[in-house]
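Line by line, the protein sequences are chains A and B. Mapping to the working numbering: the first sequence position 103 is 103, numbers consecutive. Mapping to the working numbering: the second sequence position 87 is 385, numbers consecutive. Don't be surprised by glycine CBs; every beta carbon is placed ideally from N, CA and C. Notes follow once the structure below has been shown.
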Amino acid sequence: MGWRTVVVTKHAKISYKLEHVIVQTDNDIVQVPIADVQILMIATTQAVITTHLMMELSRNDIKVIFTDNKEMPVGEFTSYYSNLSRNRNISKQIIWDSDRKSLLWQNIIKMKITNEAKMLEKFQRTKYDGSPGHQDLLDLLDEVKPGDSTNREAVAARMYFQRLYDTKFNRRKDEFVANGHLNFGYSVLLSLITQEICCAGYLTELGIHHDSMENFYNLSSDLIEPFRVFVDEIAFNKYENPSFDLADKLELVNLLNQTVTTNSGDALLSGVIKTFVRKCLKYLSNETDVLPEIEIKI
Amino acid sequence: MRLLIFFDVPTLTAEDRRNYRKLHQTLVKEGFLMIQESVYVRVLMNKQSANFLEERIQKVAPVRGTVQSMIVTEKQYSEIKFLAGKNIEDVRNSDERMVVI
């Protein structure tokens, strides 16, 4: 399993030779052993990539992310290879027990709200009347029902974004530069989760809560929820001086290599996310009765 | 973690040269970087993968000749002093998790 994130940002030819990814730029050749690569992000429209390399990347379960001319991720490459129990897993996934799905979703939303509250507490964000902002979110925790039938997620999200950034902040408006950071960062997280789901031999289309007909990544969109706060943190740190250039994007990509403290010790964020995804899939497929729960220090 | 391979193998007969080529090609395919002639190095994430890789190189080590291996931590490796010459700038010679090209 790879551990390097390779980001190509300039005019280059990307090819394969003797188990290596070869990136040939105008004045340099970089060779990276394919076994080391976890994610290949092509953050330019000025690169060419060979089909032989694409084949080897898919054989090695390496995530490839493509970006548009504004360097925003537009899509990714998901392989057929990966896992020999894929067919068996997919038949299980289609009939995942609805109670398990509801309980897991409840748990995920609780983790998400807890992390959002921790973020507000860390940055000492307050309500409009000046009182600490995180307590209201913590109060919502007990009201989260199986399947989040009362939709506390949306209530928490509204409170959270307005308190973290500003009351004027709107997730849907492009004029807030932070939205660029958030969209970019979430895409990177989503790719890692999608990669792990594919590696484990499951479909990303069939989610436990998200069920949009237009979304290929319903399951990834479910499992990303507790981890969004790490992107929010980076966006928040730049909120005062908005910029969104290549350095900002690279910082968001490098987020996966950040060390975080969990209840089972220190680990890289990418590792924590992968463990979480595996645990969720095991729970949904009846391989364990333990609900996956990760406490993260923020 | 670093796995270092040092070797000195004969190239007298055609068979010797075939064995040498096999060793060299395996080292290249496994992602080793030549830091000096007959000295190769590979960055690895943990001791376990270093041990596995060492076993794979064992399989292609020629019977005649000497091939030595050494596993050291990143910290120990970084304490190499250059009495002459300098470090090779190559992705394969760093343990950076993010490579920006």
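Look at the Cβ atom of residue 97/A, then the Cβ atom of residue 281/A, and state whether they are nearer than 9 Å.
-> Position 97 of the first sequence, counted from the first residue, corresponds to residue 97/A. Position 281 of the first sequence, counted from the first residue, corresponds to residue 281/A. The answer is no: Cβ separation not under 9 Å.
State yes or no: is the beta carbon of residue 4/A nearer than 9 Å to at least one beta carbon in chain B?
-> By 1-based counting over the first sequence, the position of residue 4/A is 4. By this cut-off, residue 4/A is an interface position.
Distance between residue 116/A and residue 229/A (C-alpha atoms, nearest Å) | As a working note, residue 229/A is residue 229 in the first sequence. As a working note, residue 116/A is residue 116 in the first sequence. One C-alpha to the other measures close to 6 Å.
With a threshold of 16 other CB atoms inside 10 Å of the CB of residue 134/A, please say whether the residue is buried or exposed.
-> Along the first sequence, read from residue 1 onward, the residue named residue 134/A stands at position 134. The residue in question, residue 134/A, is buried, as its Cβ has 16 or more Cβ neighbours within 10 Å.
Should residue 240/A go down as buried or exposed, given a rule of 16 or more other Cβ atoms within 10 Å for buried?
-> Indexing the first sequence from 1 puts residue 240/A at position 240. Exposed, since its Cβ has fewer than 16 Cβ neighbours within 10 Å.
Ends of the alpha helix (DSSP H) at residue 187/A?
-> Here residue 187/A is taken as the residue at index 187 of the first sequence, counted from 1. That run of the alpha helix (DSSP H) goes 177 to 199.
Neighbouring residues, chain A, relative to residue 395/B (Cβ below 7 Å) | Numbered from its first residue, the second sequence carries residue 395/B at position 97. Residues of chain A passing the Cβ test: 3, 4, 5 and 257.
Quick one: is residue 210/A near chain B, going by C-beta distance under 9 Å?
-> Taking the first sequence and counting its residues from 1, the one referred to as residue 210/A is at position 210. It does not: the Cβ of residue 210/A has no partner Cβ on chain B nearer than 9 Å.
Can you list, in chain order, the residues of the stretch 157 to 184 of chain A whose Cβ is nearer than 7 Å to any Cβ on chain B?
-> none
Check residue 162/A in the structure and name its three-state DSSP category.
-> The residue labelled residue 162/A in the question sits at position 162 within the first sequence. Helix.
Work out the CA separation of residue 43/A and residue 66/A for me, nearest whole Å.
-> Residue numbering aside, residue 66/A sits at position 66 when the first sequence is read from its first letter. Residue numbering aside, residue 43/A sits at position 43 when the first sequence is read from its first letter. In a straight line, the C-alpha of residue 66/A is about 7 Å away from that of residue 43/A.
Could you please give me the residues that DSSP links to residue 322/B through a beta bridge?
-> Along the second sequence, one-based indexing puts residue 322/B at 24. DSSP, once it has assigned bridges, lists no residue as partnering residue 322/B.
Around the Cβ of residue 80/A, are there at least 16 other Cβ atoms within 10 angstroms (buried) or fewer (exposed)?
-> In the first sequence, counting from the first residue as 1, residue 80/A sits at position 80. By the 10 Å Cβ count, residue 80/A comes out exposed.
Anything in chain B within Cβ reach of residue 12/A, meaning under 7 Å, just list it in chain order.
-> Taking the first residue of the first sequence as position 1, residue 12/A is located at position 12. Within chain B, the residues near residue 12/A are 399.
Just tell me which of 25/A, 35/A and 214/A has its CA closest to the CA of residue 5/A.
-> Residue mapping note: residue 5/A aligns to position 5 of the first sequence, counting from 1. Closest option to residue 5/A, Cα to Cα, is 35/A.
Just reading off the beta strand (DSSP E) that residue 47/A is part of, what are its end residues?
-> Translated into the one-based positions of the first sequence, residue 47/A becomes position 47. Here the beta strand (DSSP E) through residue 47/A covers 47 to 49.
Measure from the C-beta of residue 328/B to each C-beta in chain A and report whether the shortest distance is under 9 Å.
-> Mapped onto the second sequence, residue 328/B falls at position 30. Answer yes: the Cβ-Cβ gap between residue 328/B and chain A drops below 9 Å somewhere.
CB-CB under 6 Å to residue 302/B, same chain, minus the five flanking residues each way: which ones, in chain order?
-> In the second sequence, counting from the first residue as 1, residue 302/B sits at position 4. Contacts found: 339 and 368.
Contact check, residue 165/A vs residue 236/A under 8 Å by CB: the rounded distance?
-> Here residue 165/A refers to the residue found at position 165 when the first sequence is read from its first residue. Here residue 236/A refers to the residue found at position 236 when the first sequence is read from its first residue. Correct: roughly 7 Å between the Cβ atoms.
Going along the stretch 364 to 394 of chain B in order, which residues come within less than 8 Å of chain A, judged by CB to CB distance?
-> 388, 389, 390 and 394
Go ahead and label residue 361/B buried or exposed: buried means 16 or more other beta carbons lie within 10 angstroms of its beta carbon, across all protein chains shown.
-> Taking the second sequence and counting its residues from 1, one reaches residue 361/B at position 63. Result: exposed.
Checking contacts by CB at 9 Å: is residue 343/B closer than that to chain A?
-> As a first step, residue 343/B is located in the second sequence; it is residue number 45 there, counting from the start. Answer yes: the Cβ-Cβ gap between residue 343/B and chain A drops below 9 Å somewhere.
Could you check which residue in 297/A, 278/A, 296/A and 159/A has the C-alpha nearest to that of residue 288/A?
-> The count along the first sequence starts at 1 and reaches residue 288/A at position 288. Ranking the options by Cα distance to residue 288/A, first place goes to 278/A.
Is there contact here, the stretch 157 to 174 of chain A with the stretch 113 to 130 of chain A, by at least three beta-carbon pairs under 8 Å?
-> yes
What is the residue span of the alpha helix (DSSP H) that residue 112/A lies within?
-> Counted from its first residue, the first sequence places residue 112/A at position 112. Looking at the DSSP string, the run of the alpha helix (DSSP H) that includes residue 112/A is 98 to 122.
Test item: CB-CB of residue 54/A and residue 64/A under 9 Å = Numbered from 1 along the first sequence, position 54 holds the residue referred to as residue 54/A. Numbered from 1 along the first sequence, position 64 holds the residue referred to as residue 64/A. Yes, the Cβ-Cβ distance between residue 54/A and residue 64/A is below 9 Å.
Which residues mark the beginning and the end of the alpha helix (DSSP H) in which residue 366/B is found?
-> Reading the second sequence from its first residue, position 68 is the one you call residue 366/B. Where residue 366/B is concerned, there is no enclosing alpha helix (DSSP H), although the beta strand (DSSP E) it sits in stretches over 364 to 370.
Roughly how many whole angstroms lie between the Cα atoms of residue 188/A and residue 68/A?
-> Residue numbering aside, residue 188/A sits at position 188 when the first sequence is read from its first letter. Residue numbering aside, residue 68/A sits at position 68 when the first sequence is read from its first letter. Roughly 14 Å between the two C-alpha positions.
Got a sec? Which residues, its chain only, sit under 8 Å from residue 252/A by beta carbon, not counting five neighbours each side?
-> In the first sequence, counting from the first residue as 1, residue 252/A sits at position 252. Excluding residues within five positions, the ones whose Cβ falls inside 8 Å are 181, 184, 185, 188, 231 and 234.
Count the other CB atoms, across all protein chains shown, that sit within 10 Å of the CB of residue 374/B; report buried if there are 16 or more and exposed otherwise.
-> Here residue 374/B corresponds to residue number 76 of the second sequence, with the count starting at 1. Answer is exposed; the Cβ neighbour count stays below 16.
Chain-ordered neighbours of residue 8/A on chain B, where CB pairs are closer than 7 Å | Position 8 of the first sequence, counted from the start, is the residue given in the question as residue 8/A. By Cβ distance, chain B contributes 399.
Beta-carbon contacts of residue 52/A that lie in its chain and below 6 Å, excluding the five residues immediately before and after = In the first sequence, residue 52/A corresponds to position 52, counting from 1. So the qualifying residues of the chain are 16.
For the alpha helix (DSSP H) that contains residue 15/A, what are its first and last residues?
-> One-based indexing of the first sequence puts residue 15/A at position 15. Per DSSP, residue 15/A belongs to no alpha helix (DSSP H); it is in the beta strand (DSSP E), 12 to 17.
To the nearest angstrom, how far is it from the Cα of residue 242/A to the Cα of residue 168/A?
-> Here residue 242/A corresponds to residue number 242 of the first sequence, with the count starting at 1. Here residue 168/A corresponds to residue number 168 of the first sequence, with the count starting at 1. Rounded to the nearest angstrom, the two C-alpha atoms are 15 Å apart.
Which of helix, strand or coil DSSP assigns to residue 356/B = Here residue 356/B corresponds to residue number 58 of the second sequence, with the count starting at 1. Residue 356/B: helix per DSSP, three-state reduction.
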